[in-house]
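Visitor:
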Amino acid sequence: MSIFRNMAATIIVGSLLSACTTAVQTRGYVVDEELAEAISPGVDNRNSVQEMMGSPSITSAFGEEIWYYISRDTVTRGFIEERPLSQLVIEVQFDDGGTVADVRRYDLADSQEIDPRNAITPIRGKTLGFFEQLLRGIGRVGPAGPGGGGPPGT
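FYI, numbering that gives the first Met the number 0 numbers position 7 of the sequence shown as 6, with every residue one higher than the one before it.
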């Protein structure tokens with residue numbers, strides 16, 4: 000019986016110790032400082048930046064064409080919520096001709112916390128519940144045949 004007690008104690012102690020471990024994770028783009036410093040406004044263009052840095056993490060959706068390379072290091076200790084250690088955002092702005100106009104760098108001090116809301120955007124019309132949606136679909140099957148709503152193979 001003492002073998003089982005020793006095994007159980009070992010498993011419990013191992014589980015408790017593993018809960019106290021620290022994990023550092025790098026997320027996003029892995030920045031090569033030499034390549035980032037080599038981008039020259041007025042000299043480089045989209046193709047040369049992509050050859051040096053690779054595809055951007057995200058690009059601007061509106062207005063000027065801007066590429067962002069985002070890297071973030073976080074630490075998690077046991078079950079405690081992760082916290083950021085460092086962050087680097089490299090912003091590459093292009094002019095209308097596709098030439099680099101400006102390169103900016105932002106770090107963790109430049110970041111802002113965003114408070115996501117769980118609010119629901121209201122929609123026009125009647126909002127259907129789960130069962131209403133389920134029951135409304137009964138009997139709304141198209142005719143059988145090519146492109147119809149019949150069973151497979153018909």
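Note that the Cβ used here is the ideal one computed from N, Cα and C, for glycine as well.
#1: Considering only residues of the region 98 to 125, which uninterrupted beta strand (DSSP E) runs meet the minimum length of 3 residues and lie entirely inside it, listed in chain order?
#2: Can you name the start and end residues of the alpha helix (DSSP H) that Leu-127 belongs to?
#3: Looking only at C-alpha atoms, which of Gly-27, Arg-123, Glu-50 sits nearest to Ile-38?
#4: With a Cβ-Cβ cutoff of 8 Å, do Arg-26 and Arg-71 count as a contact?
#5: Threshold first: 3 residues or longer. Then list the beta strand (DSSP E) segments lying entirely within the region 5 to 42, N to C.
#6: Beta carbon of Val-74, beta carbon of Glu-81: below 8 Å?
#7: Just to confirm, are Ser-56 and Tyr-67 a CB contact at a threshold of 8 Å?
#8: Is Val-12 buried or exposed, if buried means 16 or more other CB atoms sit within 10 Å of its CB?
#9: Return the chain-ordered list of same chain residues with a C-beta closer than 8 Å to the C-beta of Asp-109, the five sequence neighbours on each side being excluded.
#10: Are the beta-carbon atoms belonging to Val-91 and Ile-65 less than 8 Å from one another?
Guide: Once the coordinates are examined:
#1: 99 to 106
#2: Leu-127 -> no alpha helix (DSSP H), and no H or E assigned at all.
#3: Glu-50
#4: yes
#5: 21 to 27
#6: yes
#7: yes
#8: exposed
#9: Val-88
#10: yes
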